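*Asks:* Got a structure here, written out as structure tokens. Questions coming.
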Amino acid sequence: MATIPICSPQLIKLPRPSFSSASPSRFSTRKTRTVVCNASIDRRDMLIGLGGLYSAASSGLIMPGQTIAAPIESPDLSTCKKSTVADPDGNIVTIEPTCCPPYSDKIVDFFPSTPSRIRVRPAVQNMTNDQIAKYKEATKRMRALDKEDPRSFYQQAMVHCAYCNNAYDQVGVIPEQPLQIHNGWLFFPFHRWYLYFYEKILGKLIDDEDFVMPFWNYDDPAGMTLPAIFDDPTSSLYDPIRNQEHRGSTIVDLNFGTPAETTDTELIQLNLDLMYRQMVTNSKTPKQFFGEKYVTGDTPNPGAGSVEGLPHSPIHVWVGSEPSPETPFRENMGNFYSAGRDPIFYCHHMNVDRLWNVWKDISPRNRDPRRPEFLEANFLFYDENAQLVRVKVKDCLNSSLLGYRYDSVPIAWMEKTPTPSFPRGSGKKRGKKLRKPGRVKFPLQLKSTTSVLVKRSIKKRSKAEKETAEEVVVIEGIQLNFGDFVKFDVYVNSPDNAVKPGTSEFSGSFVNVPHNKDSNGKTSLTLGLTDLLDDIEADDDDDIIITLVPRKGLVKIGGVSIKFLTDDD
Numbered sequence: 001m002a003t004i005p006i007c008s009p010q011l012i013k014l015p016r017p018s019f020s021s022a023s024p025s026r027f028s029t030r031k032t033r034t035v036v037c038n039a040s041i042d043r044r045d046m047l048i049g050l051g052g053l054y055s056a057a058s059s060g061l062i063m064p065g066q067t068i069a070a071p072i073e074s075p076d077l078s079t080c081k082k083s084t085v086a087d088p089d090g091n092i093v094t095i096e097p098t099c100c101p102p103y104s105d106k107i108v109d110f111f112p113s114t115p116s117r118i119r120v121r122p123a124v125q126n127m128t129n130d131q132i133a134k135y136k137e138a139t140k141r142m143r144a145l146d147k148e149d150p151r152s153f154y155q156q157a158m159v160h161c162a163y164c165n166n167a168y169d170q171v172g173v174i175p176e177q178p179l180q181i182h183n184g185w186l187f188f189p190f191h192r193w194y195l196y197f198y199e200k201i202l203g204k205l206i207d208d209e210d211f212v213m214p215f216w217n218y219d220d221p222a223g224m225t226l227p228a229i230f231d232d233p234t235s236s237l238y239d240p241i242r243n244q245e246h247r248g249s250t251i252v253d254l255n256f257g258t259p260a261e262t263t264d265t266e267l268i269q270l271n272l273d274l275m276y277r278q279m280v281t282n283s284k285t286p287k288q289f290f291g292e293k294y295v296t297g298d299t300p301n302p303g304a305g306s307v308e309g310l311p312h313s314p315i316h317v318w319v320g321s322e323p324s325p326e327t328p329f330r331e332n333m334g335n336f337y338s339a340g341r342d343p344i345f346y347c348h349h350m351n352v353d354r355l356w357n358v359w360k361d362i363s364p365r366n367r368d369p370r371r372p373e374f375l376e377a378n379f380l381f382y383d384e385n386a387q388l389v390r391v392k393v394k395d396c397l398n399s400s401l402l403g404y405r406y407d408s409v410p411i412a413w414m415e416k417t418p419t420p421s422f423p424r425g426s427g428k429k430r431g432k433k434l435r436k437p438g439r440v441k442f443p444l445q446l447k448s449t450t451s452v453l454v455k456r457s458i459k460k461r462s463k464a465e466k467e468t469a470e471e472v473v474v475i476e477g478i479q480l481n482f483g484d485f486v487k488f489d490v491y492v493n494s495p496d497n498a499v500k501p502g503t504s505e506f507s508g509s510f511v512n513v514p515h516n517k518d519s520n521g522k523t524s525l526t527l528g529l530t531d532l533l534d535d536i537e538a539d540d541d542d543d544i545i546i547t548l549v550p551r552k553g554l555v556k557i558g559g560v561s562i563k564f565l566t567d568d569d
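In terms of UniProt numbering, the sequence shown opens at residue 1 and continues consecutively.
Okay, here's the thing in structure tokens:
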């Protein structure tokens, strides 16, 4: 494994190769760049209007205090710089070598067209021998490509590193503001496009236009172990840099942190409970599912959507290594900079992409955001012909128009509605016995379990009112070292903190997959309350008790509030 040397704080010159998409065998040194190691990034909120920005920026200059809803623009590859990662102590380390892609100034725009056929992506446990053989061979050929070929496995892994660990700055923002595609509404569309081109490249390498990749169906009991095709040391799909205790028949922990004494049967049920909560209870509105709005000029990590938080993030940490001298940053899957180095990353995100489709099928209310600053956001990817392509979010919202769908598999969690920790009908009497906590001063360093009494502005809503607006609890101003693995759980009206995941009182969790330190950034967590309060018979209460339970890492909380979200928020 290539380690990440910690460079001394001095100027170094970095040659960066250029790749010619017209001739994959030709390379040239484009120019050198100067990078200061261990440097922090200064952030301010002044934007400069460039031609590539949204039309509202055409006046030229946005002064401090003004806002503009311009979509995130595809990065300028000529300004790509070395990525960084943060250790648990918050020290910034420069990633060696660079995560920047081979340079090309020849960009074509993706032109949507009606596919001639719809390919079906299978669940990994249902793959045929022929599909497995093709997948292994295609990955083997991708690994064999020259490292400077943008279609190579090496460069494809670097795509995630560059977009997630500060290699790119937002276009048109002065001073520099990092571009980050996690913890906000770009998470789903970015990864859909990423997988689209990755799959196309694999198919091209084995000359199979019908090639499809599988999805790791860990939300169903049939797929709740590390897939065997990724656990064969002789296979191109194998990665030795994983948590070795999570191989074989070990059941995946989608909540990551479930007590060790939990049986496999209990863990499977907890996983199903979690999936229902994240896909239904905590995903009643587009904002809950996709995450917070993220546009040009915004600081990174505004707030992850439900599925990005769980099960997405725990899978990364569960597969990745524990910190050690050889894997100080939980490589490979356990850190965004290195996650793409493990072939299972792509299979994992295939399931995340599938869950996007599943969510939209659950209810007619479940739809994609309609704001132009979401739809017009765009990214750059190299395609199967080594051509640099600019793609827009609006062109990936319907997976069928991209030529694929997912195989139909059982969805056991759809019937796993949570149950309260007390007998039905006794909720009101129990609620009156709950001991109300004292006043909590914010911001709060969450070092121990803390309960907060939160006033509700509206109660006893009708069924129609509940369908119109979702009541949510928002954990605001979450401040942390984004380079650290951080997790805390949230409970509602939990008596003596005795309630465990799987019951109605468990509202959800905040989980951060390590990537890069953001000393000035803050994020948020939004969790659904409407169904939960009905389940625990607390919808008539004037206030509720929100309990925060730290599980891993240090975090500061800015506040806790209750809000109401509509489908248009």
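Beta carbons: idealized from backbone N, C-alpha and C, even for Gly.
Please read all numbers here as calculations on a predicted model, not as lab measurements.
What residues are listed by DSSP as bridge partners for N378?
*Replies:* Answer is K392, bridged to N378.
*Asks:* Using the three-state DSSP reduction, which class does D567 fall into: helix, strand or coil?
*Replies:* The answer is coil: DSSP assigns D567 none of H, G, I, E or B.
*Asks:* Just mark P150 as buried or exposed, buried being the case when its beta carbon has 16 or more other beta carbons within 10 Å.
*Replies:* So P150 ends up on the buried side.
*Asks:* What's the gap between the Cα of K563 and the Cα of K455?
*Replies:* Taking the straight line from one Cα to the other gives about 11 Å.
*Asks:* Below 8 Å on the Cβ atoms is my contact criterion, and I expect V280 with I362 to pass it. Report the Cβ-Cβ distance as a whole number of Å.
*Replies:* Correct: roughly 7 Å between the Cβ atoms.
*Asks:* Between which two residues does the beta strand (DSSP E) holding Y404 run?
*Replies:* Segment Y404 to Y406, the beta strand (DSSP E) holding Y404.
*Asks:* Evaluate R247 with the Cβ neighbour count: other Cβ atoms within 10 Å of its Cβ, from every protein chain shown; 16 or more gives buried, anything less gives exposed.
*Replies:* Looking at its Cβ environment, which holds fewer than 16 other Cβ atoms inside 10 Å, R247 is exposed.
*Asks:* Is there contact here, the segment 388–397 with the segment 101–119, by at least three beta-carbon pairs under 8 Å?
*Replies:* Enough Cβ pairs lie closer than 8 Å, so yes.
*Asks:* Verify whether the separation of the beta carbon atoms of D87 and G483 is less than 8 Å.
*Replies:* Yes, the Cβ-Cβ distance between D87 and G483 is below 8 Å.
*Asks:* Residues in its own chain within less than 6 Å of V452 by CB, not counting five upstream and five downstream?
*Replies:* Answer for V452: V440, I546 and V560, listed in chain order.
*Asks:* Just verifying my parser: in three-state terms, what is the DSSP assignment at K487?
*Replies:* Of the three classes helix, strand and coil, the one that applies to K487 here is strand, per DSSP.
*Asks:* By Cβ distance below 7 Å, which residues in the same chain neighbour D89 in space, the five residues on each side in sequence not counted?
*Replies:* Within the same chain, D89 has no close Cβ partners at all.
*Asks:* Here's a check: name, in chain order, each residue in its chain whose Cβ is nearer than 6 Å to the Cβ of T98, leaving out the five neighbours to either side.
*Replies:* K82, listed in sequence order.
*Asks:* How long is the line joining the alpha carbons of S421 and L434, rounded to whole angstroms?
*Replies:* Whole-angstrom Cα-Cα distance: 14 Å.
*Asks:* Between E308 and chain C, is the shortest Cβ-Cβ distance under 8 Å, so that the two count as touching?
*Replies:* In summary, chain C is missing from the structure at hand, where a single protein chain is found.
*Asks:* What span of residues does the alpha helix (DSSP H) with S313 cover, start to end?
*Replies:* Its alpha helix (DSSP H) spans residues S313 to V319.
*Asks:* Quick check: the Cα distance between E73 and G291, rounded to an integer number of angstroms?
*Replies:* So the two alpha carbons sit approximately 19 Å from each other.
*Asks:* Give me the residue from D210, V472 and D489 with the minimum Cα distance to L533.
*Replies:* Measuring from the Cα of L533, the nearest candidate turns out to be V472.
*Asks:* From this set, G521, N301 and D569, which residue's C-alpha is nearest T366's C-alpha?
*Replies:* At residue 366 the sequence reads Asn, which differs from the Thr that was named. For N366, the nearest C-alpha among the options comes from D569.
*Asks:* Within this structure, are the beta carbons of P221 and A469 separated by less than 8 Å?
*Replies:* Not in contact: P221 and A469 (Cβ atoms no closer than 8 Å).
*Asks:* Could you name the residues of the same chain whose beta carbon sits closer than 7 Å to that of S152, not counting the 5 residues immediately before and after it, in chain order?
*Replies:* Result list for S152: M142, L145 and D146, in chain order.
*Asks:* Candidates A304, T417 and T566: which alpha carbon is nearest residue 602's?
*Replies:* No statement about residue 602 is possible, as the shown extent of the chain runs from 1 to 569 and does not include it.
*Asks:* With 16 as the cutoff for other CB atoms within 10 Å, does E476 come out buried or exposed?
*Replies:* E476 comes out buried.
*Asks:* Buried or exposed: residue 578, going by 16 or more other Cβ atoms within 10 Å of its Cβ?
*Replies:* No answer is possible for residue 578: the residues shown for the chain start at 1 and end at 569.
*Asks:* Taking E505 as the reference, which of V492, F215 and L186 has the closest Cα?
*Replies:* Selected option, being the one with the closest Cα: V492.
*Asks:* Within a Cβ cutoff of 7 Å, which residues of the same chain sit near V352, ignoring the five residues on either side of it in sequence?
*Replies:* So the list reads H191, V307 and H312, once near-sequence residues are dropped.
*Asks:* Could you check how far apart the C-beta atoms of K460 and D540 are, in whole angstroms? I think they sit under 8 Å.
*Replies:* So it is a contact: roughly 6 Å between Cβ atoms.
*Asks:* I'd like the list of long-range same chain contacts for L397, defined as Cβ closer than 7 Å, with 5 residues on each side in sequence excluded.
*Replies:* If we look at L397 and ignore the five residues flanking it on each side, its Cβ neighbours are D368.
*Asks:* Pick helix, strand or coil for Y168, following the three-state DSSP scheme.
*Replies:* Residue state, collapsed to three classes: coil.
*Asks:* Nearest by alpha-carbon distance to F197: which of D273, V393, Q156 and E537 is it?
*Replies:* Looking at the Cα atoms, Q156 is the closest of the given residues.
*Asks:* I need the DSSP call for K204, collapsed to helix, strand or coil.
*Replies:* Of the three classes helix, strand and coil, the one that applies to K204 here is helix, per DSSP.
*Asks:* So, helix, strand or coil for S509, using DSSP?
*Replies:* Strand, per DSSP.
*Asks:* Whole angstroms is fine: what's the gap from M333's alpha carbon to E322's?
*Replies:* One C-alpha to the other measures close to 11 Å.
*Asks:* Report back the beta-carbon spacing between L270 and T258 to the nearest angstrom; my notes put them in contact at under 8 Å.
*Replies:* Indeed, because the Cβ distance is near 6 Å, the residues count as touching under 8 Å.
*Asks:* Which of the three DSSP states is assigned to G559 in this structure?
*Replies:* Here G559 sits in strand by DSSP.
*Asks:* Measuring CB to CB, does I544 end up less than 8 Å from L444?
*Replies:* Contact: no.
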